[in-house]
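Scroll down for the structure; my scribbles are underneath it.
In the numbering used here, the protein residues as written are 299 to 495.
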């Protein structure tokens, strides 16, 4: 049986800039974000063209995913399971200001024990993303471009590398970061992890 190759692409910079915490808010890509994403997909390692694109339905992912799917003449599937965590009262806040908040520090140290005020708990977020991963692995796809978010990408990396939730913030994933994951018989392997080329 052939492995499933998943090229995970984080969205590019948004119209809110680099220092805002953006989870479930539906913000558009900045022009720089479009450029970052195209540069990354053009430089993806070999293995041929993906057979489909799967994307978070949020505009900063879905708009690029739709354009890429049209350009590559492959199907697009939007799946809310790949959306970013809902950060509740912290949504759209300046991260530099949030860093003065003790709960924010605790959240990044132990996300499975602290929930953003009015936001999504880590166990709910984890279950949602891993359910989407189960759906992806059950599909008959062999090579997928997955356009998603930083938190989702960190969770996938922790899952594949068998790291606990405390390690989520150990990964620096700039806008348009890329990871290639390979799954065989349900077991994942990190093949490459690249920032922007």
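Every residue, glycine too, gets a C-beta built ideally from N, C-alpha and C. Keep in mind the model is a prediction, meaning the values are calculated, not measured.
(1) Going by the CB atoms, is the gap between residue 308 and residue 440 shorter than 7 Å?
(2) Going by C-alpha to C-alpha distance, which of 429, 474 and 389 sits closest to residue 413?
(3) Is the separation between the beta-carbon of residue 393 and that of residue 319 shorter than 7 Å?
(4) Is the separation between the beta-carbon of residue 339 and that of residue 477 shorter than 7 Å?
(5) Measure the C-alpha to C-alpha separation of residue 251 and residue 326 and round it to an integer number of angstroms.
(6) In this structure, does DSSP put residue 372 in helix, strand or coil?
(7) Could you tell me whether the stretch 428-447 touches the stretch 370-386, using the rule of 3 or more Cβ pairs below 8 Å?
(8) Let's see if you can read the secondary structure: which residues bound the beta strand (DSSP E) around residue 385?
(9) Is residue 350 closer than 7 Å to residue 372 when the C-beta atoms are compared?
Here's the rundown:
(1) no
(2) Per the Cα distances, 389.
(3) yes
(4) In this structure, residue 339 keeps its C-beta atom at 7 Å or more from the C-beta atom of residue 477.
(5) No information on residue 251 is available, as it lies outside the stretch 299 to 495 that the chain covers here.
(6) coil
(7) Here the stretch 428-447 makes contact with the stretch 370-386; the two share three or more CB pairs at distances below 8 Å.
(8) Taken as a continuous stretch (DSSP letters only), residue 385 belongs to no beta strand (DSSP E), as it is neither H nor E.
(9) yes
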